[in-house]
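Below you'll find the structure, written out as structure tokens, and then a few comments.
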Amino acid sequence: MVQIQGTIVAPEEPSEWDPQSPRLWLLFSGLAGARIQGGGVIDGSGSKWWANSCKINKSNPCRGAPTAVTIDSCRGVRVRGLRVRNAQQMHVTVSRSRGVRVGGLRIDAPEDSPNTDGIHVADSTAVTIQSCRIGTGDDCISIVNGSFGVKMRNIDCGPGHGISIGSLGKGGAFAAVADVALDGARIRRAQNGVRIKTWQGGAGYVRGVRFANVDMDGVDHPIVIDQFYCDVPPGGGDRSRTCANQTSAVAVSDVSYRNITGTSRRAEAIRFACSDAVPCTGIVLRDINLRRDDDDGEVQTVCNCAVGFDYGRVRPAADCLRSSTCGGAPDDHHGDEEEEEEEQGKRKDEAVVLHTEL
Numbered sequence: 001m002v003q004i005q006g007t008i009v010a011p012e013e014p015s016e017w018d019p020q021s022p023r024l025w026l027l028f029s030g031l032a033g034a035r036i037q038g039g040g041v042i043d044g045s046g047s048k049w050w051a052n053s054c055k056i057n058k059s060n061p062c063r064g065a066p067t068a069v070t071i072d073s074c075r076g077v078r079v080r081g082l083r084v085r086n087a088q089q090m091h092v093t094v095s096r097s098r099g100v101r102v103g104g105l106r107i108d109a110p111e112d113s114p115n116t117d118g119i120h121v122a123d124s125t126a127v128t129i130q131s132c133r134i135g136t137g138d139d140c141i142s143i144v145n146g147s148f149g150v151k152m153r154n155i156d157c158g159p160g161h162g163i164s165i166g167s168l169g170k171g172g173a174f175a176a177v178a179d180v181a182l183d184g185a186r187i188r189r190a191q192n193g194v195r196i197k198t199w200q201g202g203a204g205y206v207r208g209v210r211f212a213n214v215d216m217d218g219v220d221h222p223i224v225i226d227q228f229y230c231d232v233p234p235g236g237g238d239r240s241r242t243c244a245n246q247t248s249a250v251a252v253s254d255v256s257y258r259n260i261t262g263t264s265r266r267a268e269a270i271r272f273a274c275s276d277a278v279p280c281t282g283i284v285l286r287d288i289n290l291r292r293d294d295d296d297g298e299v300q301t302v303c304n305c306a307v308g309f310d311y312g313r314v315r316p317a318a319d320c321l322r323s324s325t326c327g328g329a330p331d332d333h334h335g336d337e338e339e340e341e342e343e344q345g346k347r348k349d350e351a352v353v354l355h356t357e358l
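With UniProt numbering as the guide, the letters of the sequence shown map in order to residues 1 to 358.
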């Protein structure tokens, strides 16, 4: 057991960091069954790192910065009750691990701090994140390549960029994420709510994703799938080339949204921006009720090459899911076949939601 009390403070000056390990601060590696807990504070003193970021100082080259806490190559590790704040870059990373449970964390960084993801999951299986309060300058939770069976419950997120799968497929890479479930979250004053983001030109898949019981409070874009993601800041490379249209994409399928309610700061509350060559399929909306923040106008659903259906009460309506013609779907399905496909999707959605208890 590792018991953390008091406050652990990182060096403020980037020049004080070991150049041989510039991306790590507190590393827990190769552990089995360990407990990392306590009421202590881990403070990354990240302000000078943020000031040197290419997203803040556009004349600087884009470089990585340390992650405050890294759980790597571990099995059955429990992380509980810590406060992590002001990380140089990411706050907590779980990588190449299995059966890690993270609970009761409070993670804080300023809204304008760059790349300060709260909890980042990569190349890991059977990870549980529960009862965490996260407010940062980037994703509250980010789930990337090689992650399977990730469960999240009772998450308080904001400010930040929401709860994200991705980004995936950058530079033509293969990426795979499957069996991800979020059951219970409050997302407030964030850029995004629940989001899947992939780069053009990649390959692989995102599938078997369930977002349920989420309350949005003043979120710019509550529900997003973006297969045209391109995060290249000034000074970070040739944007026109990096973000150019490409025909391959990470395939997104079997994604459901259930009981998503609250307010959107933008008219475009639901956005499915999917690839013409690799459309999103099996998108299901059930019991959605989103309205404009301060009741300032109507909200809408925007689709490009997204195929699926909505049922129950869905606001804004998502008729565009039924009218896509990309890749020959859904025009290839008619009559009884289409009704049966929809009914199977409803039964599958209900069954999966019942089994997202952590």
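Glycine included, each C-beta is placed from N, C-alpha and C at the ideal position. These numbers come from a predicted model, not from an experiment.
As assigned by DSSP and simplified to three states, the class of P222:
Position 222 of the sequence shown, counted from the start, is the residue given in the question as residue 222. Strand, per DSSP.
A65 beta carbon less than 8 Å from that of Q37
What you label residue 37 is simply residue 37 of the sequence shown in a count that begins at 1. What you label residue 65 is simply residue 65 of the sequence shown in a count that begins at 1. No, they are not a contact pair.
Around the C-beta of G328, are 16 or more other C-beta atoms found within 10 angstroms, so that it is buried, or is it exposed?
Your numbering for residue 328 matches position 328 in the sequence shown. Residue placement at G328 is poorly supported in this model, since its pLDDT is 40, which falls under 50; the coordinates are not used for a value here.
At 4 residues or longer, and completely inside the stretch 6 to 74: list those alpha helix (DSSP H) runs for me, N to C.
47 to 51
Run through DSSP, which three-state label would V2 get?
If you number the sequence shown from 1, residue 2 lands on position 2. Note: V2 maps to strand in three-state DSSP.
Helix, strand or coil for D332 per DSSP?
As a working mapping, residue 332 is identified with position 332 in the sequence shown. Here the model assigns D332 a pLDDT of 35, short of 50, so the residue's position is not dependable and the matter cannot be decided.
Stretch pair the stretch 29 to 48 + the stretch 75 to 86: three plus CB contacts closer than 8 Å
yes
Report yes or no: do the stretch 67 to 76 and the stretch 94 to 104 share at least 3 C-beta pairs separated by less than 8 Å?
yes
Distance, Cα to Cα, I270 vs I223?
Translated into positions along the sequence shown, residue 270 becomes position 270. Translated into positions along the sequence shown, residue 223 becomes position 223. Near 5 Å, if we compare the C-alpha coordinates of I223 and I270.
Cα-Cα separation, C305 to T281:
Taking the first residue of the sequence shown as position 1, residue 305 is located at position 305. Taking the first residue of the sequence shown as position 1, residue 281 is located at position 281. Near 9 Å, if we compare the C-alpha coordinates of T281 and C305.
Got a sec, what are the start and stop residues for the beta strand (DSSP E) F228 sits in?
One-based indexing of the sequence shown puts residue 228 at position 228. Element bounds for F228: n/a, residue is neither H nor E.
Are the beta-carbon atoms belonging to S164 and P114 less than 8 Å from one another?
The residue given as residue 164 occupies position 164 in the sequence shown. The residue given as residue 114 occupies position 114 in the sequence shown. For S164 and P114, no; Cβs fall outside 8 Å.
Mind reading off the beta-carbon distance from F211 to L182? Whole number of angstroms is fine, and I expect it under 8 Å.
For the purposes of this step, residue 211 is identified with residue 211 of the sequence shown, where counting begins at 1. For the purposes of this step, residue 182 is identified with residue 182 of the sequence shown, where counting begins at 1. That pair is a contact at about 5 Å.
Suppose the cutoff is 6 Å on Cβ atoms and the five residues either side in sequence are ignored; what does the same chain contact list for R195 look like?
Along the sequence shown, read from residue 1 onward, the residue named residue 195 stands at position 195. Closer than 6 Å at the Cβ level, and outside the excluded window around R195, lie G162, S164, V224.
Return the chain-ordered list of same chain residues with a C-beta closer than 7 Å to the C-beta of P159, the five sequence neighbours on each side being excluded.
Within the sequence shown, residue 159 is the residue found at index 159, counting from 1. Within the same chain, P159 has close Cβ partners E111, G135, R189, A190.
Give the DSSP-derived three-state secondary structure of R265 in the structure shown.
Counting from 1 along the sequence shown, the entry for residue 265 is found at position 265. R265: coil per DSSP, three-state reduction.
Can you give me the Cβ contacts of M1 inside the same chain, cut-off strictly under 6 Å, excluding the 5 residues immediately before and after it?
For this step, residue 1 is matched to residue 1 along the sequence shown. R35, listed in sequence order.
Which residues in the same chain have their Cβ closer than 6 Å to the Cβ of R85, if we skip the five residues on either side of it in sequence?
Along the sequence shown, one-based indexing puts residue 85 at 85. Here the set comprises D43, D108.
Just to confirm the assignment, what range does the beta strand (DSSP E) spanning C132 have?
Your numbering for residue 132 matches position 132 in the sequence shown. Looking at the DSSP string, the run of the beta strand (DSSP E) that includes C132 is 128 to 135.
Throw me the rounded Cβ distance for the A185 and I155 pair, which I believe falls under 8 Å.
Taking the sequence shown and counting its residues from 1, the one referred to as residue 185 is at position 185. Taking the sequence shown and counting its residues from 1, the one referred to as residue 155 is at position 155. So it is a contact: roughly 4 Å between Cβ atoms.
Assuming A203 and F228 make a contact with CB atoms under 8 Å, what is their CB distance in whole Å?
Numbered from 1 along the sequence shown, position 203 holds the residue referred to as residue 203. Numbered from 1 along the sequence shown, position 228 holds the residue referred to as residue 228. Not a contact, Cβ separation roughly 16 Å.
Alpha carbon to alpha carbon, how far is A178 from L105? Give it in angstroms, no decimals.
Numbered from 1 along the sequence shown, position 105 holds the residue referred to as residue 105. Numbered from 1 along the sequence shown, position 178 holds the residue referred to as residue 178. When rounded, the distance between both Cα atoms is 25 Å.
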